[in-house]
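Enquirer: Residue numbers (our numbering): 457 to 766. Positions of the beta carbon are idealized from the N, C-alpha and C atoms, including for glycine. Bear in mind that the values here come from a model prediction, so they are computed numbers and not experimental data. This is the structure I want to talk about, given as structure tokens.
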């Protein structure tokens, strides 16, 4: 059998104190952990935690608010201009239709996790500009956060983090964090967990060919397959092949999609984002069937396509 690992929270500190701490206090603990570990550590923990938070609604709201605050505490030297953005970030902005604020400074970030920009213009001026540019987006103004969201009916922090969103706020720490001029204290954070396909009806992500982890199982056949269901992640306990992403169909059958050993961090982040953002997806690839009738998972030697389920 396979056992899915659930990560309820990222540190022992939070596991003990989350009931009594406010979001800013929890965020401070997360910031401490970033300094002690790494930004990559935080990104993985947040994405793993989004679906596994337990407790009452107020507790969940506080935890998620804290994660939203802490995710933007990144330490990097900024570069000027939208043209200096990484190619994947600029492509994601273009696909979703988000423009870069004029004269904004790119600080750091990934489009799936969140891209930080900074400007010396006031938050009010920036918000007005984006409301005009993203006129079809709706305003989210709750829990002390002002954001534009690309779909209606977003009322909770969880819904916000599952939507493409743009947050504008004042952040007096930006100059110190990113070696900026003292007047650059308006923060623009763009998170795009729902990046559309290059073509209508096309794959939202294609996992490139890679190597299947070494195993001693006897393979009977490799057959084409399409599976529709919900994605998740866990630890393989049947073949001991490490961490993996899986898809569970409507009959609760679980198919390993891809094992994460040796996977680039950007791809792993994107897979975590898809598993937390989309309730259902359709995955197309080739299934490795063993002689005893079990399946090892999707064949890693061929591309694996992930589509948004209709």
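Please state if the CB of residue 606 and the CB of residue 619 are separated by a distance shorter than 8 angstroms.
Expert: Position 163 of the chain shown holds residue 619. Position 150 of the chain shown holds residue 606. Yes, they are a contact pair.
Enquirer: Leaving out the 5 sequence neighbours to the left and right, which residues in its chain are closer than 8 angstroms to residue 557 when beta-carbon positions are compared?
Expert: As a first step, residue 557 is located in the chain shown; it is residue number 101 there, counting from the start. Here the set comprises 573, 575, 577, 582, 585, 586 and 644.
Enquirer: Starting from residue 633, follow the alpha helix (DSSP H) in both directions and report where the run begins and ends.
Expert: Within the chain shown, residue 633 is the residue found at index 177, counting from 1. First-last of the alpha helix (DSSP H) with residue 633: 630-634.
Enquirer: Determine the burial state of residue 568: buried for a count of at least 16 other Cβ atoms within 10 Å of its Cβ, exposed for fewer.
Expert: In the chain shown, counting from the first residue as 1, residue 568 sits at position 112. Result: buried.
Enquirer: What's the C-alpha gap between residue 669 and residue 648?
Expert: Taking the first residue of the chain shown as 1, we reach residue 669 at position 213. Taking the first residue of the chain shown as 1, we reach residue 648 at position 192. Near 31 angstroms, if we compare the C-alpha coordinates of residue 648 and residue 669.
Enquirer: Does the Cβ of residue 712 have 16 or more other Cβ atoms within 10 Å, making it buried, or fewer, making it exposed?
Expert: Here the question's residue 712 lines up with position 256 in the chain shown. Buried: at least 16 other Cβ atoms inside 10 Å.
Enquirer: Just the Cα atoms here: how many angstroms apart are residue 642 and residue 623?
Expert: Position 186 of the chain shown, counted from the start, is the residue given in the question as residue 642. Position 167 of the chain shown, counted from the start, is the residue given in the question as residue 623. In a straight line, the C-alpha of residue 642 is about 10 angstroms away from that of residue 623.
Enquirer: What do you get for residue 566, buried or exposed, if any count of 16 or more other CB atoms within 10 angstroms of its CB means buried?
Expert: Taking the chain shown and counting its residues from 1, one reaches residue 566 at position 110. It counts as buried.
Enquirer: So the candidates are 692, 737 and 744; which of them puts its Cα closest to the Cα of residue 767?
Expert: Residue 767 lies beyond the range of the chain shown here (457 to 766); nothing can be said about it.
Enquirer: For residue 665 and residue 615, I'd like the C-alpha separation in whole angstroms.
Expert: Taking the first residue of the chain shown as 1, we reach residue 665 at position 209. Taking the first residue of the chain shown as 1, we reach residue 615 at position 159. About 33 angstroms.
Enquirer: Going residue by residue through the region 589-677, where are the continuous alpha helix (DSSP H) segments of at least 4 residues, counting only ones entirely within it?
Expert: DSSP runs (the alpha helix (DSSP H)) wholly in the region 589-677: 613-617 and 630-634.
Enquirer: For residue 492, which residues of its own chain have a beta-carbon under 7 angstroms away from its beta-carbon, when the five flanking residues on both sides are left out?
Expert: Walking along the chain shown from the start, residue 492 turns up at place 36. Only weak support exists for where residue 492 lies, its pLDDT of 39 falling under 50; the value from the coordinates is given anyway. Cβ within range, chain order: n/a, list empty.
Enquirer: Less than 7 angstroms between C-beta atoms, sequence neighbours within five positions excluded: which residues of the same chain meet that for residue 595?
Expert: As a working mapping, residue 595 is identified with position 139 in the chain shown. Same-chain partners within the cutoff: 604.
Enquirer: Thinking C-beta only, is residue 631 closer than 8 angstroms to residue 640?
Expert: Against the chain shown, residue 640 aligns to sequence position 184. Against the chain shown, residue 631 aligns to sequence position 175. Yes, they are a contact pair.
Enquirer: Can you give me the Cβ contacts of residue 700 inside the same chain, cut-off strictly under 6 angstroms, excluding the 5 residues immediately before and after it?
Expert: Here the question's residue 700 lines up with position 244 in the chain shown. Hits under 6 angstroms: 692, 712 and 715.
Enquirer: Going by C-alpha to C-alpha distance, which of 655, 652, 653 and 696 sits closest to residue 673?
Expert: As a first step, residue 673 is located in the chain shown; it is residue number 217 there, counting from the start. Closest by alpha carbon: 696.
Enquirer: Given a cut-off of 8 angstroms on the beta-carbon distance, is the pair residue 680 and residue 626 in contact?
Expert: Counting from 1 along the chain shown, the entry for residue 680 is found at position 224. Counting from 1 along the chain shown, the entry for residue 626 is found at position 170. No, the pair does not count as a contact, with Cβ atoms beyond the cut-off.
Enquirer: Here's the rule: buried if 16 or more other CB atoms are within 10 angstroms of the residue's CB, otherwise exposed. What is residue 655?
Expert: Here residue 655 is taken as the residue at index 199 of the chain shown, counted from 1. Exposed: under 16 other Cβ atoms inside 10 Å.
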